[in-house]
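Trainee: Residue numbers for the sequence shown follow UniProt numbering, so the first one is 1 and each next one is one higher. Backbone N, C-alpha and C fix where the C-beta goes; we use that ideal spot for every residue, glycine too. Owing to the predicted nature of the structure, the values given are computational and were not obtained by experimental measurement.
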Amino acid sequence: VATLALSKENNGQLKALQIHCCSNQTGRTEVSKSKMTSSALALLKNPDHLKAGKNTTLLSTLAKSTKMMTHEKVIWSDTVWKRNHRGAYQKRDLIITTSSLYNFKKGSYKNIKRKIHLNRVEKIVLHSSSKECLVKVFQDYDYWYRVTNIQEMLQILSSRYKEVVGQNLAIEAVNQDLNKYVTLKKDVGPNPSESPCSPPHRADQKRVAKKMIPKIEGWLTKCGYHRGGY
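This is the structure:
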């Protein structure tokens, strides 16, 4: 299990650490850290790849969804592959705002396929040798995504999650098939979004986070990700 490591330098700029691990002949893990390149940091400054924040149709749909109770801002967007319960991959536009995750059909923003509030995200299960992950939701079914910019997406999601929820987003890196971890819609009933469940209490979330705190700081350590490998 791993969590994202982000800190601030004296000048107030975010210092993102690129961490990767390798195994030596004895099987022991060695960890190294280095600053991300300036080009990598530049990506974090402009991560709205679909320019969703300027799409009037999308903004209108978000406004209707929140009933103008909150002022949402798009902080990340990209086209990803969503895996369905049959194992088929479908192109979807994934939008992360300051309060929620939104799943849309590619290029179609009039109807939301699914909305997940950040405080309902339980954890991320990340496959350590691919760019696929499960977004696990409290008392609900998962979303299985393949994300080209997965490092960037998880950095931004983790940072905003901590601001909203007040704790680190749990990221569990696994080597096994994600099918062993996925919760499907059929596993939680026909209408999970309508079930009488509420977001977990802060104490429950802290217990989950405490249980999943890694011994080595930084989610990339366990995953073995580094930008040079992309």
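1) The alpha helix (DSSP H) that contains Ile156, what's its start and end?
2) Please identify the residue among Val135, Trp81, Leu101 and Leu178 whose C-alpha is closest to the C-alpha of residue 231.
3) Measuring straight from C-alpha to C-alpha, what distance separates residue 232 and Val164?
4) Tell whether a beta-carbon distance below 8 Å holds between Val188 and Ser128.
5) Report the rounded CA-to-CA distance for Asp48 versus Phe104, giving the unit in angstroms.
6) Using a Cβ cut-off of 8 Å (strictly closer), state whether Ile95 contacts chain B.
7) With a Cβ-Cβ cutoff of 8 Å, do Ile156 and Trp81 count as a contact?
8) Is it buried or exposed, Leu184, if we count other Cβ atoms within 10 angstroms and call 16 or more buried?
9) Can you check the stretch 38-117 for any beta strand (DSSP E) of at least 3 residues that lies completely inside it and give the ranges in chain order?
10) Compare the Cα-Cα distances from Thr79 to each of Thr98, Ile150 and Lys73 and report the closest residue.
11) What number of angstroms, rounded off, separates the C-alpha of Asp93 from the C-alpha of Ser159?
12) Can you tell me the Cβ-Cβ gap for Ile171 and Lys123, rounded? I've got them flagged as a contact below 8 Å.
13) Measure the C-alpha to C-alpha separation of Lys131 and Tyr181 and round it to an integer number of angstroms.
14) Alpha carbon to alpha carbon, how far is Asp177 from Ala52? Give it in angstroms, no decimals.
15) What's the call for Ser195, buried or exposed, on a 16-neighbour Cβ count within 10 Å?
16) Please say whether Lys73 and Thr98 have beta carbons closer to each other than 8 Å?
17) Of the choices Asn55, Val135 and Lys64, whose alpha-carbon is the least far from that of Tyr161?
18) Rank Lys115, His117, Asp142 and His71 by C-alpha distance to the C-alpha of Leu126 and give the top, closest one.
19) If you follow the alpha helix (DSSP H) that Val188 is part of, which residue opens it and which one closes it?
20) In angstroms with no decimal places, state the Cα-to-Cα distance between Trp144 and Ile95.
21) Assuming Lys91 contacts Lys110 under a Cβ cut-off of 8 Å, what Cβ separation, rounded to an integer in Å, is found between them?
Mentor: Short version:
1) Translated into positions along the sequence shown, residue 156 becomes position 156. Residues Ile150 to Val165.
2) The first residue shown for the chain is 1 and the last is 230, placing residue 231 beyond what the model contains.
3) Lying outside 1 to 230, the shown extent of the chain, residue 232 is not represented and no answer is given.
4) Position 188 of the sequence shown, counting from 1, holds the residue named residue 188. Position 128 of the sequence shown, counting from 1, holds the residue named residue 128. No.
5) Counting from one through the sequence shown, the residue named residue 48 turns up at place 48. Counting from one through the sequence shown, the residue named residue 104 turns up at place 104. Their Cα atoms are separated by approximately 15 Å.
6) Included in the structure is just one protein chain, with no chain B present.
7) Along the sequence shown, one-based indexing puts residue 156 at 156. Along the sequence shown, one-based indexing puts residue 81 at 81. The answer is no: Cβ separation not under 8 Å.
8) As a first step, residue 184 is located in the sequence shown; it is residue number 184 there, counting from the start. Exposed.
9) 74-83, 89-97, 100-105 and 114-117
10) Position 79 of the sequence shown holds residue 79. Out of Thr98, Ile150 and Lys73, Ile150 has the C-alpha closest to the C-alpha of Thr79.
11) Within the sequence shown, residue 93 is the residue found at index 93, counting from 1. Within the sequence shown, residue 159 is the residue found at index 159, counting from 1. Between Asp93 and Ser159, the C-alpha separation is close to 21 Å.
12) Taking the sequence shown and counting its residues from 1, the one referred to as residue 171 is at position 171. Taking the sequence shown and counting its residues from 1, the one referred to as residue 123 is at position 123. The Cβ separation is near 7 Å, so the contact holds.
13) Here residue 131 refers to the residue found at position 131 of the sequence shown. Here residue 181 refers to the residue found at position 181 of the sequence shown. Between Lys131 and Tyr181, the C-alpha separation is close to 16 Å.
14) Mapped onto the sequence shown, residue 52 falls at position 52. Mapped onto the sequence shown, residue 177 falls at position 177. So the two alpha carbons sit approximately 32 Å from each other.
15) In the sequence shown, the residue the question calls residue 195 occupies position 195. With a pLDDT of only 40 at Ser195, under 50, the local geometry of the prediction cannot be trusted, and no value is derived from it.
16) Taking the sequence shown and counting its residues from 1, the one referred to as residue 98 is at position 98. Taking the sequence shown and counting its residues from 1, the one referred to as residue 73 is at position 73. The answer is yes: Cβ separation under 8 Å.
17) One-based indexing of the sequence shown puts residue 161 at position 161. Among Asn55, Val135 and Lys64, the Cα nearest to that of Tyr161 is on Val135.
18) Walking along the sequence shown from the start, residue 126 turns up at place 126. Closest by alpha carbon: Asp142.
19) In the sequence shown, counting from the first residue as 1, residue 188 sits at position 188. Counting along the chain, the alpha helix (DSSP H) containing Val188 begins and ends at Lys185 to Val188.
20) For the purposes of this step, residue 144 is taken as residue 144 along the sequence shown, with counting starting at 1. For the purposes of this step, residue 95 is taken as residue 95 along the sequence shown, with counting starting at 1. Rounded to the nearest angstrom, the two C-alpha atoms are 15 Å apart.
21) Numbered from its first residue, the sequence shown carries residue 91 at position 91. Numbered from its first residue, the sequence shown carries residue 110 at position 110. Wrong, their Cβ atoms sit about 17 Å apart, outside the cutoff.
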